[in-house]
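Below you'll find the structure, written out as structure tokens, and then a few comments.
Residue numbers (my numbering): 20 to 351.
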């Protein structure tokens, strides 16, 4: 088996990839030494009958080929596949991954666990971590998942993570050649549709600024993992605290977020955004700033990018920020 895998695998750099952790699991790229365990776990009728691409019995050489393909897909940007490893024992207990859609605007989530590890919350833990990472690491706007119609446990897990039913259909499963079995489809949007805001919900006042450099580029910050709307790009700024003016709030936020000093007199009022979210209504004055002291650098784990006005549309933004793009593009 190792000889077959060696012949299929890309070079050793193909195994490099993200390392994700939960309270009990490590999600790491699959490796050549996983073949035997992978095959032992998946070669189970109760698992294969739930996976469209898994024949039964599951051939040992297919396990080697699948792991090699996972490495090649990662290099090509087609997929991210992980071994699920129990932190306490170091034992591989299953797999989970994302298969990318066209333009990386959507991805399909899949997972499976060895039968001995069912019913212990490992699947939920892995799925939540993978969803969180997917939205933070990629410009994905939608995640999808498909389960066999009789797989009630996986359907319930997906809904606990936030997926909603999106339809039903039929799919051929390799373990039952020639049969099209019923399946259920689920989807999770990066941002839920904005609901009408009840009168009792408060208006949240935040402030933002378009920092403009000497080349006419605008600074965007990408929200890090763990924050709401992680992975989205936005203009620097934040909540206006009690007793603060919008200008004072921006001066403070620029210091805290980016380590730069700006004077209130350097902030030019430009436009404002008004947007309903599920539990509040956002009101956001937006300023322009061309002068500050210091070099912007991320102080809160965010990524930064200087972006030409005509390229702002390429960066996924929260719904409140998106209407600002044509105004900035036309103005600059």
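Even for Gly, the Cβ is constructed at its ideal location relative to N, Cα and C.
Roughly how far, in whole angstroms, is the beta-carbon of residue i from the beta-carbon of residue j, given that I think they are within contact range, below 8 Å?
i           : j           : result
residue 306 : residue 225 : Not really, about 12 Å apart at Cβ, beyond 8 Å.
residue 311 : residue 236 : No, residue 311 and residue 236 are not in contact; Cβ-Cβ is about 14 Å, not under 8 Å.
residue 280 : residue 274 : 6 Å
residue 180 : residue 147 : 6 Å
residue 347 : residue 317 : Not a contact, Cβ separation roughly 22 Å.
residue 161 : residue 125 : 5 Å
residue 331 : residue 344 : 5 Å
residue 130 : residue 142 : 6 Å
residue 192 : residue 68  : 7 Å
residue 107 : residue 43  : 7 Å
residue 46  : residue 145 : 6 Å
Kindly indicate the opening and closing residues of the alpha helix (DSSP H) around residue i.
i           : result
residue 141 : 141 to 156
residue 92  : 79 to 95
Just how far apart, CA to CA, sit residue i and residue j?
i           : j           : result
residue 231 : residue 285 : 12 Å
residue 86  : residue 203 : 27 Å
residue 168 : residue 320 : 41 Å
residue 112 : residue 297 : 38 Å
residue 11  : residue 289 : No answer is possible for residue 11: the residues shown for the chain start at 20 and end at 351.
residue 261 : residue 287 : 22 Å
residue 62  : residue 53  : 14 Å
residue 71  : residue 197 : 12 Å
residue 291 : residue 350 : 15 Å
residue 221 : residue 205 : 32 Å
residue 156 : residue 127 : 15 Å
residue 189 : residue 170 : 14 Å
residue 234 : residue 304 : 24 Å
residue 174 : residue 152 : 21 Å
Along the chain, where does the beta strand (DSSP E) containing residue i start, and where does it finish?
i           : result
residue 99  : 98 to 105
residue 127 : 125 to 132
residue 185 : 183 to 191
residue 201 : 199 to 208
residue 237 : 237 to 241
With a CB to CB cut of under 6 Å and the five nearest residues on each side skipped, what residues in its chain are close to residue i?
i           : result
residue 57  : 82
residue 335 : 158 and 251
residue 223 : 299 and 301
residue 258 : 225
residue 243 : 320 and 321
Excluding the 5 residues flanking residue i on each side, which residues of the same chain have their C-beta closer than 8 Å to its C-beta?
i           : result
residue 93  : 33, 36, 48, 99 and 100
residue 217 : No answer about residue 217 holds up, because its pLDDT of 42 lies below 50 and its placement is not dependable.
residue 215 : Confidence at residue 215 is low in this model, with a pLDDT of 40, below 50, so the placement of that residue is unreliable and no value is reported for it.
Identify, in the order they occur along the chain, each residue of the same chain with its Cβ nearer than 7 Å to the Cβ of residue i, setting aside the five sequence neighbours on each side.
i           : result
residue 28  : Only weak support exists for where residue 28 lies, its pLDDT of 43 falling under 50; the value from the coordinates is given anyway. Within the same chain, residue 28 has close Cβ partners 51, 87 and 90.
residue 341 : none
residue 77  : 58, 61, 62 and 67
residue 194 : 67, 68, 73, 74 and 75
residue 134 : 63, 65 and 66
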